[in-house]
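Here it is as structure tokens:
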């Protein structure tokens with residue numbers, strides 16, 4: 002698992018112009034297993050997109066993303082290209098990911114059996 006902490010600027014479709022903040026917060030809360038909103042800094046007022054006729058808001062916040070690993074041999078920095086498609090795939094009603102600023106990327110190691118390790122060297 003690759004853990005990514007990033008600031009993201011994301012455009013969401015909203016159904017109505019009233020209660021758009023709670024709608025966006027509920028969308029972000031629905032993805033708690035893969036994407037966790039650590040901080041929501043700004044939610045813009047809804048604007049009508051003339052191309053598709055939907056109402057859109059731009060959200061700027063700090064996210065914690067858990068990317069699945071494809072291969073243990075692949076370096077952590079090679080997962081940068083996977084962040085944008087991952088967000089678009091897992092965030093419901095996401096129109097676009099406008100900007101990303103990666104703060105931290107790290108590989109999360111699987112939990113070794115610590116008790117077994119300690120008993121081997123406990124003598």
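Residue numbers (the working numbering): 2 to 124. The beta-carbon is built from N, C-alpha and C at its ideal position, and this holds for glycine as well. Predicted, not measured: the structure shown is a model, and the values here were computed from it.
- It is roughly 26 Å from the alpha-carbon of residue 16 to the alpha-carbon of residue 84.
- Rounded to whole angstroms, residue 12 and residue 82 show a C-alpha spacing of 19 Å.
- Distance from the CA of residue 100 to the CA of residue 55, rounded to the nearest whole angstrom, comes to 21 Å.
- Where residue 26 is concerned, the enclosing alpha helix (DSSP H) starts and stops at 21 to 30.
- Per DSSP, the continuous alpha helix (DSSP H) segment holding residue 85 begins and ends at 81 to 91.
- The alpha-carbon of residue 52 is positioned some 30 Å away from that of residue 40.
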